[in-house]
Structure formats: C-alpha cells, structure tokens
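Numbering (our numbering), first residue to last: -19 to 298.
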C-alpha cells in the first residue's frame, strides 16, 4: 500500500506536538504508528528526537516507512502489538524513552478498505483483524459466539443499549457472511426512533466486534504500564482514546502511577510505602475543537490525557 493510500488526518496533531515539545531529547515511541502522521509532525517539530513506531498492520508499517523515509535513521519501526513495547525497545537497543504516544483509534484506510472488513458502509468479508496474519477474525465472533456472549461484548465494548436485541437477531440470521449483511441485521434490530440519532446504527456494534477480535482492551493496561516504566524523568505519556472503556483504563493506569497504588485513607499519611512515578499533566480529558470535529468526523469522540514521568517519590508524606 502506498503512503498516499494510507494517508489520514492525525487527530489533535497540534496538541500532541505541544505535549512533546518539552520532553528530553531521545526516542519517542509511537505505539500506534498507523499512517505516520503524528510521528511526522513530532519529527518536524523536534530535530533532537527519534521515533520508534509500532504497529500490527503490515500495510500501515509499509506506508509509514515510506512517509517517514526522509527522516533517515531517526525512524525505527517494529511490527508488534503495543503491549510488546519492551521487546521492541530491546530489539532496537533502546533503554529509555523520552515520550510515548498511543492513538487508540482505527485509521481511515483500515476502515475504508472494504476488504479489511471494518466498514459497515462498504461490503466486505467479516474480518476486522489489525494483524492480517492473526488466526481470529470477526467471522469467528459473529458466527461462533453464543447469544449471551455476543450480547456481552456488544454492550461492554460498544456501549450499546440494544445489545441483547442485536445479538438475538445476529444468531437468528446465521450464517452472516458480509459486513453489509451484518449492518443490515443490526440496523433492523434497533427500534426505528433510536436509529434516527447518533450516526449509523451499526457503528457501536462494529466497534465492539473490532475490539473483541483484536483484544484491544486486554492489551492496553500492560502497554500503558510498560510505557510509563520506560519513560525517563521528564518524559511524557500521551493517549488518545475514543471509547469510554479505553479511557477508563487509561485514566486508571495513570492514576495508579500517580498514587503508586496507595489505598490508604486520603485524610491520613500513607503507610503502605506507595511510590509516585508520574504527575498528571492532563487529568480531565481534553476533546478536539469543534473545527477539528467538523473537519474530521473520526476525531469527534477523542479524549486526550497526558502524564509526565517524575523521579520516584513517596505518594504522600508520612
């Protein structure tokens, strides 16, 4: 795939560049490299940093490598899931990071290419794998899960209030063989008044199945923890989340690093020896501007959080 085919509008690009403007010189990991748009902007703004770009998608890595080729040896790429960050660092002899960026959205080319199976608008196979070599696909979920299990993931990962109705309709219609057929089934299972608001009726169900297929939320806590551990003092973690479940995990892992996991009553000194390793730079999630949300509809649901690594210190004075 060419760079042009995988181009996209990086979400909150200016805010991300500003976030990393003050970090120490060194290596910033782009743990969700995608088309390389965020990395390109960071490399242009900071001539004293390099990028380690991670992605499971071979097409994304190829396109990003082409896009970032002009930066020469300031760019390293590694095909892996982001919770294998430590292995990628070891492979490139990197001991510490100056920054870590996670953009948890799916890039436009992945969504728009019908053959990838992510789209509820374009007809394609039930795939949805970010790693095309992975053995598990959307077909296994849609046609293999029991009704109760299917309803659970649609409710949990899609925040879909009609999850039980949708799961029942999918099971009744099996075998489901294409994305557009799945979208039709989901749409028909949702009451007509609810279909008129909130975008495409199948959006939340497709999101839920994609998250399940790729184990996205399962990998996220460990990935965030590894990134925080790898940061040098003054380095920053920046995360763009698009789903309430993702954002809860991000908030929880940052808060745990800030408190050291302390569970002592807040009105009393800490006696558990908890150690704080980050300070929260942006605890209340920032959202894209109205202009950006109008220009890039996939940015509208983004939530942006930032934490900065500090020298380890007791979370509260004894």
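The beta carbon of each residue, even a glycine, is placed where N, CA and C say it ideally should be.
Taking the alpha-carbon positions, what's the residue 275 to residue -11 distance?
If I take the Cα positions, the gap works out to 9 Å.
Q) When you compare each of 206, 273, 128 and 255 to residue 149 by their alpha carbons, which one comes out closest? A) Nearest C-alpha to residue 149: 128.
With DSSP as the reference, label residue 113 as helix, strand or coil.
Of the three classes helix, strand and coil, the one that applies to residue 113 here is coil, per DSSP.
Exercise. Could you pull out every unbroken alpha helix (DSSP H) segment of at least 4 residues lying fully inside the segment 39 to 125, listed in chain order?
Key: As far as the segment 39 to 125 is concerned, its whole alpha helix (DSSP H) runs of at least 4 residues are 65 to 71, 88 to 92 and 118 to 124.
Cβ of residue 18 within 9 Å of Cβ of residue 10?
-> Contact flag set, yes.
Practice item. Inspect the beta-carbon positions of residue 77 and residue 34 and report whether they are closer than 9 Å. Key: Their beta carbons are not under 9 Å apart, which means residue 77 does not touch residue 34 by this criterion.
- Report the option in 16, 242, 289 and 101 whose CA atom is closest to the CA atom of residue 38. Looking at the Cα atoms, 16 is the closest of the given residues.
*Is residue 17 helix, strand or coil by DSSP?*
The three-state secondary structure of residue 17, taken from DSSP, is helix.
**Message:** For a minimum of 3 consecutive residues, which ranges assigned as the beta strand (DSSP E) are wholly contained in the segment 230 to 276?
**Reply:** The segment 230 to 276 contains these whole beta strand (DSSP E) runs: 255 to 266.
Between the segment -1 to 6 and the segment 39 to 55, are three or more C-beta pairs nearer than 8 Å?
Judged by Cβ distances under 8 Å, the segment -1 to 6 makes no contact with the segment 39 to 55, as fewer than three pairs qualify.
_Can you look up residue 186 in the DSSP assignment and give me helix, strand or coil?_
Helix at residue 186.
Assuming residue 290 and residue 259 are in contact, meaning their beta carbons sit under 8 Å apart, how far apart are those beta carbons, in whole angstroms? With 8 Å as the limit, residue 290 and residue 259 qualify as a contact, their Cβ atoms being about 5 Å apart.
Check: Taking the DSSP output, what are the residues bridged to residue 315?
Finding: Any answer about residue 315 is impossible in this case: the structure gives the chain only from -19 up to 298.
- prompt: Just reading off the alpha helix (DSSP H) that residue 144 is part of, what are its end residues?
  reply: DSSP places residue 144 in the uninterrupted alpha helix (DSSP H) bounded by 143 to 153.
Using the beta-carbon count (16 or more within 10 Å), is residue 256 buried or exposed?
Buried: at least 16 other Cβ atoms inside 10 Å.
If we ignore side chains and look at the alpha-carbon of each, how far apart do residue 80 and residue 214 end up?
-> Computed Cα separation, rounded: 12 Å.
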